[in-house]
Amino acid sequence: MNLLGNIIWLVFGGILAAIAWFLAGLILCITVIGIPFGLQCFKIAQFVLWPFGKEIELGHFGVGGLLLNILWLIFLGWELAIGHLVIGALFCLTIIGIPFGLQHFKFAMLGLIPFGAKIR
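Quick note on our numbering: the sequence shown kicks off at 19 and runs consecutively.
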């Protein structure tokens, strides 16, 4: 089921979403200050490309990760999380869209706290 969900995901927007996250990572990596944030965008792009069958573990960060998560949340995270929550809610309006909506809820969680998150 995970393979089928991932293939449908790729065809109907997963590739575009992964490209968007990858381009955001490239833009953030232009400056030295943005490199840690760009690396998180690359991690999220990889997850967005093939999300079914993967889970997120939050909370494995130290003081540096906490500070970077706070900066991420202030400047990028809350907008991304709201966007994914809205898209996920729209997908959940239909029975067929529920699995895809649940993936967007995972992206919202990762969009809030990417530093220290483990994708397995």
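Backbone N, C-alpha and C define an ideal beta-carbon position, used for all residues, glycine too. Predicted model only: the values in this text are computed from it and were never measured.
- For L98, the CB contacts under 6 Å within the same chain, skipping 5 residues up- and downstream, are G129 in chain order.
- If only complete runs of 3 or more residues are kept, the region 53–105 shows no beta strand (DSSP E) anywhere.
- Taking the CA atoms as reference points, L108 sits about 35 Å from I51.
- With a threshold of 16 other beta carbon atoms within 10 Å, V104 falls short and is exposed.
- Burial is judged here by how many other beta carbons sit within 10 angstroms of a residue's own beta carbon; G82 has fewer than 16 and is exposed.
- Exclusion of the five residues before and after L91 leaves L130 as the residues of its chain whose Cβ lies within less than 7 Å of its Cβ.
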